[in-house]
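Residue numbers (the numbering used here), protein chains in the order written: chain A, 420 to 647; chain B, 420 to 647. As structure tokens, the structure follows; a few thoughts come after it.
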């Protein structure tokens, strides 16, 4: 069975994001996948990249350089245990699903902190092992999120621009950089402004998509996909 | 004298980001500006958007909706004191400077958390008051940051794509959405891979730019600027 890690960032289990997460757990488990959830708010996950992430002495205590310290700590096995825990989950996963509400054209800070702190050099990339030869190649990722703005606002020519514009930093800058292949995003537009019936349809559509997810081809993660 | 708020996100005062921040404080003060710094790591600024941001009872305790609760709390004056403090600084500022190292094609989580928590509906925007009629119009913003990748990697056609692609969510999605006009970003490429002499030149270039900053015209924050 395939392994899936869902990194979930919503405060409220009763939210649409909570339901989308629950549906993914149910549907993928039904398929025989083994599913792990990192429920970031429930874990009170720490988003700040600080000296606390390194256990024991620093490589250079004179001038603190987070990226370099985390890399060195990874190599000598002295990253803080919450990071080691997340890295183990990533390492074992065939597919990473990120489930969150879009905050300011991007991820909520708690999820950005997961990216900042978990995907350290040495573990997820190590020059020249980036992009197509990133260390997490052979894994898949899928960004599943809800928006405040409507589909029309996020259309090409709409006031907020094509929704794909804002996917570039997340899909290309993070996932592709680490070698992860990206499936089409799953976007629920403006669930707060639609009917209860429409929200139910959104849940059904997600469950339907998950049924054939493993047959999907990754997107061609190049500027053309985003900005053509 | 004009008022400037520098929102600064680096752990180490001796870093290039620390120097860039210090130079901005010195140069702008010399010009007679009144300069305030929010040093997010030193403040141990909370990046997570949670129920703790609302003092007292919730508007709807049955199903926690952060955006709605923060909006309601803003209206009745019951946002947590750290947010009120930051909002006062924003309200008084003519110019916001964001100084940070680029983490994963975006801001460090601690700075994203500042955006998520401080720029609440009612304070920074309130439909239809968004984009050109956002509530923070007549203010300016400038993103000043360092990168890990080189200028060549962030060129159009380079492996990481035009650096402007990744500015869209920050400059358009956040600042423009709130009505803030955006000055050209200030980017120091790959300071860790250049000579001490080159790093000194980066500091001098920033000081020079600040001398005539108030004469600058904002960019035309539309898709053409980013993706043309």
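C-beta: ideal position from N, C-alpha, C; glycine also. If you're wondering where the values come from, they're calculated on a predicted model, not measured in any experiment.
Chain B has no Cβ within less than 7 Å of the Cβ of residue 608 of chain A. For the stretch 582-608 of chain A, the set of positions with a beta-carbon nearer than 9 Å to some beta-carbon of chain B reads 584, 585, 587, 588, 589, 591, 592, 593, 596 in chain order.
Residue pairing of residue 548 of chain A in beta bridges, as defined by DSSP: A:545. Taking 7 Å as the threshold, the shortest C-beta distance from residue 466 of chain A to chain B falls below it. By the criterion of at least three beta-carbon pairs nearer than 8 Å, the stretch 469-485 of chain B is in contact with the stretch 422-437 of chain A. For residue 645 of chain A, the secondary structure class from DSSP, reduced to helix, strand or coil, is helix.
Close to residue 523 of chain A, with beta-carbon spacing below 9 Å, are these residues of chain B in chain order: 531, 534, 535, 538, 588, 589, 592, 593, 596. When DSSP states are grouped into helix, strand and coil, residue 595 of chain A belongs to the helix group.
Residue A:508 holds the alpha-carbon nearest to the alpha-carbon of residue 555 of chain A among A:529, A:576, A:508, A:583.
Boundaries of the alpha helix (DSSP H) around residue 444 of chain A: 435-449. For residue 492 of chain A, the enclosing alpha helix (DSSP H) starts and ends at 485-495. Residues of chain A whose Cβ lies closer than 8 Å to the Cβ of residue 430 of chain B are, in chain order, 468, 469, 470, 483, 485. In the structure shown, the three-state DSSP call for residue 425 of chain B is strand.
Any Cβ of chain B closer than 7 Å to the Cβ of residue 489 of chain A would place that residue at the interface, and such an atom is absent. In this structure, the CA atom of residue 572 of chain B is about 7 Å from the CA atom of residue 580 of chain B. At a beta-carbon threshold of 8 Å, the residues of chain B lying near residue 646 of chain A are 584, 646, ordered along the chain. Cβ neighbours of residue 635 of chain A within its own chain (closer than 8 Å, five residues either side excluded): 602, 603. Shown here for residue 644 of chain A: same chain residues with a beta carbon closer than 6 Å to its own, the five before and five after excluded, namely 638 in chain order.
Residue environment analysis places residue 505 of chain B among the buried positions, since at least 16 neighbouring C-beta atoms fall within 10 angstroms of its C-beta. For residue 614 of chain B, DSSP assigns no beta-bridge partner whatsoever. At a cut-off of 7 Å between beta carbons, residue 433 of chain B contacts chain A.
In this structure, DSSP gives residue 430 of chain A a state outside helix and strand, which the three-state scheme calls coil.
Residue-level contact by beta carbon fails for residue 512 of chain B and chain A, as no gap is shorter than 7 Å. For residue 577 of chain B, the nearest beta carbon of chain A is not closer than 7 Å to its own beta carbon.
Per DSSP, the continuous alpha helix (DSSP H) segment holding residue 537 of chain B begins and ends at 528-537. By the rule that beta-carbons nearer than 7 Å mark a contact, residue 461 of chain A does not touch chain B.
The three-state secondary structure of residue 503 of chain A, taken from DSSP, is helix. Around the beta carbon of residue 631 of chain B, a 10 Å sphere encloses fewer than 16 other beta carbons of the protein chains shown; the residue is thus reported as exposed. For the stretch 538-563 of chain B, the set of positions with a beta-carbon nearer than 9 Å to some beta-carbon of chain A reads 538, 549, 550 in chain order. Residue 452 of chain A has no beta-bridge partner at all, per DSSP. The beta carbon of residue 493 of chain A sits closer than 6 Å to the beta carbons of 539, 541, 542 from its chain, once the five residues preceding and following it are set aside; these are given in chain order. Proximity of chain A to residue 475 of chain B at the Cβ level (cut-off 9 Å) is not reached, the minimal Cβ distance being about 17 Å. Taking residue 491 of chain B as reference, the option from B:458, B:470, B:464 with the minimal CA-CA separation is B:470. Residues of the same chain with a CB within less than 6 Å of the CB of residue 514 of chain A, apart from the 5 flanking positions on each side, are 423, 559 in chain order. At a beta-carbon threshold of 9 Å, none of the residues of chain A lie near residue 574 of chain B; the nearest stands roughly 12 Å away.
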